[in-house]
Amino acid sequence: MQFRDLKSQYQKLKNPIDKAIAEVLEDGNYISGKKVKILEEELASYVGAKHCITCANGTDALTLAMRALNISDGDGVFVPDFTFFATAETVALEGAVPVFVDIDPDTYNISPSSLEENICRVIKEGKVTPKAIVAVDLYGLPADYEKIKEIAEKHNLFIIEDGAQGFGGMINNRRACSFGDISTTSFFPAKPLGCYGDGGAVFTDNDDYAEIIRSLCVHGKGEDKYHNVRIGYNSRLDTLQAAVLCEKLKAFSKYEVSDVNKAADIYNKNLTDDVIKPLIPDGFYSSYAQYTIRLENEEERASLQNYLKENKIPSMVYYPVPMHKQTAFSEKCDYFEKTLINSEKACETVLSLPIGPYISESDQIFICKKINEFMKEKKHS
Ligand SMILES: *Cc1c(COP(=O)(O)O)cnc(C)c1O
């Protein structure tokens with residue numbers, strides 16, 4: 012059993028993907044070929060954003076967003092404490108200070124009340140200037156953008172949506188990667204929409220940001236690539252990856268997102284309430300980058316994970332260490348609170364199970380049976 016079955020997807024889409032790859036090889040435009048432009052138009056239209064700029068990976072996408080918003084030295088950027096390292100790393104790379112915010116214990120996304128508290132605290136302390144919020148769509152579930160927007164407007168802050176895991180998710184039929192002033196995603200193979208290597212994209216409705224980001228991706232180009240108006244990067248999506256993504260996006264929008272939701276329903280129905288299952292608030296739709304359950308405590312999680320391993324069932328802990336406890340940030344620890352209860356608790360108790368649009372129902376039933384067995388035994392011992 013695989014944690015995320017990428018091979019079955021390739022088997023199913025082999026013909027169109029092989030054909031698309033062969034076309035790129037024949038065409039010979041391996042960088043910035045025509046498939047890149049086609050993909051950007053299709054992604055923008057899928058998401059409902061005016062502009063899509065593809066780039067080398069999801070981390071670069073965040074950096075490009077920070078640069079376009081002029082985030083730099085002396086700025087404070089509010090980031091959820093429970094996320095993948097890149098969310099906060101890219102803030103620090105610009106010389107800004109990541110201020111870690113606690114999460115909502117039920118959705119694992121940034122907590123609006125903790126966000127507001129932290130903004131007020133940072134303003135009061137006066138050490139850094141609050142500039143932006145990076146909200147993460149963790150495990151595929153969009154963050155609470157209605158509340159986040161209210162807070163951002165009140166304090167005049169930008170919103171960056173880190174949609175690396177959220178692509179395909181929705182709030183009331185509005186798609187993820189359209190909620191930020193600038194939104195980003197990743198096409199790392201295991202993300203909801205993955206390519207066969209690294210890839211990423213930035214989305215925005217703002218023409219000025221889009222122009223800056225297009226320039227930054229190609230060494231800060233001006234009128235052409237040999238007239239440079241700013242210091243930029245080499246951050247482009249290969250034509251081969253774009254061709255693969257064009258084919259995968261068709262399957263993604265046609266059935267993969269709904270199939271992964273069906274797989275989540277199978278877990279929801281077959282797992283007993285001895286484990287805490289994902290909560291999807293009313294009006295929200297997850298793309299289930301992960302299906303994550305929560306256990307009582309760290310020991311229980313370790314023994315369940317061990318039991319699953321004995322039964323050849325892979326499982327993962329996303330994430331074992333909260334941002335505020337990462338060694339890399341220990342120097343900046345003046346800026347955030349020493350304990351962030353919900354985030355710390357999540358790190359100790361979450362466990363992600365195998366999921367994806369191609370997982371078999373029989374594998375899922377087997378996984379549920381093993382988990383239920385284990386939990387029942389625990390309760391009686
Ligand atoms: C994967 C991920 C990223 C980084 O994407 P890469 O393409 O691996 O650089 C950023 N943020 C979150 C939340 C992620 O899950």
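If you read the sequence shown in my numbering, its first letter stands for residue 12, the second for the next number, and so on.
Here a beta-carbon is modelled for each residue, glycine too, at the ideal position from N, C-alpha and C.
Distance cut-off 7 angstroms: residue i Cβ against heavy atoms of ligand 1
i: A154; result: no
i: Q337; result: no
i: S197; result: yes
i: K259; result: no
i: D406; result: Residue 406 is absent from the structure shown; the chain starts at 12 and stops at 392.
i: Q20; result: no
i: A97; result: yes
i: D92; result: no
i: Q301; result: no
i: I173; result: Sequence check: residue 173 is Asp here, not Ile. Yes, ligand 1 has a heavy atom inside 7 angstroms of this Cβ.
i: G211; result: yes
i: V3; result: Only positions 12 to 392 of the chain appear in this structure, which leaves residue 3 out of reach.
i: V145; result: no
i: L319; result: no
Cβ-Cβ separation, residue j to residue i (assumed contact under 8 angstroms), whole Å
i: V110; j: V133; result: 6 angstroms
i: L2; j: T118; result: Nothing about residue 2 can be reported from this structure: the residues present for the chain run from 12 to 392 only.
i: F101; j: M77; result: The displayed chain sequence assigns Thr, not Phe, to residue 101. 6 angstroms between Cβ atoms; contact.
i: L256; j: C188; result: Not really, about 14 angstroms apart at Cβ, beyond 8 angstroms.
i: T196; j: A72; result: 7 angstroms
i: V145; j: I171; result: 5 angstroms
i: S363; j: S326; result: 6 angstroms
Limits of the unbroken beta strand (DSSP E) element including residue i
i: S197; result: 193-197
i: V139; result: First-last for V139: undefined, no H or E at that position.
i: S392; result: Premise fails: S392 is in no beta strand (DSSP E) and is neither H nor E.
i: E172; result: 169-173
i: V88; result: 86-91
i: I277; result: Where I277 is concerned, there is no enclosing beta strand (DSSP E), although the alpha helix (DSSP H) it sits in stretches over 268-281.
Residue i burial status per 10 Å Cβ neighbour count (16 or more: buried)
i: H391; result: exposed
i: D249; result: buried
i: N68; result: buried
i: I242; result: exposed
i: K46; result: buried
i: V240; result: exposed
i: A253; result: buried
i: K142; result: buried
i: Y330; result: buried
i: N120; result: buried
i: V332; result: exposed
i: D276; result: exposed
i: E309; result: exposed
i: Y296; result: buried
i: Q13; result: exposed
Residue i, enclosing alpha helix (DSSP H) - first and last residue
i: E247; result: Sequence check: residue 247 is Arg here, not Glu. Taken as a continuous stretch (DSSP letters only), R247 belongs to no alpha helix (DSSP H), as it is neither H nor E.
i: A27; result: Note that residue 27 is Pro in the sequence shown, not Ala. That run of the alpha helix (DSSP H) goes 17-38.
i: C358; result: 352-360
i: Y156; result: 156-166
Closer than 8 angstroms to chain B by CB, residue i
i: G151; result: In the structure shown, chain B cannot be found, because there is only a single protein chain.
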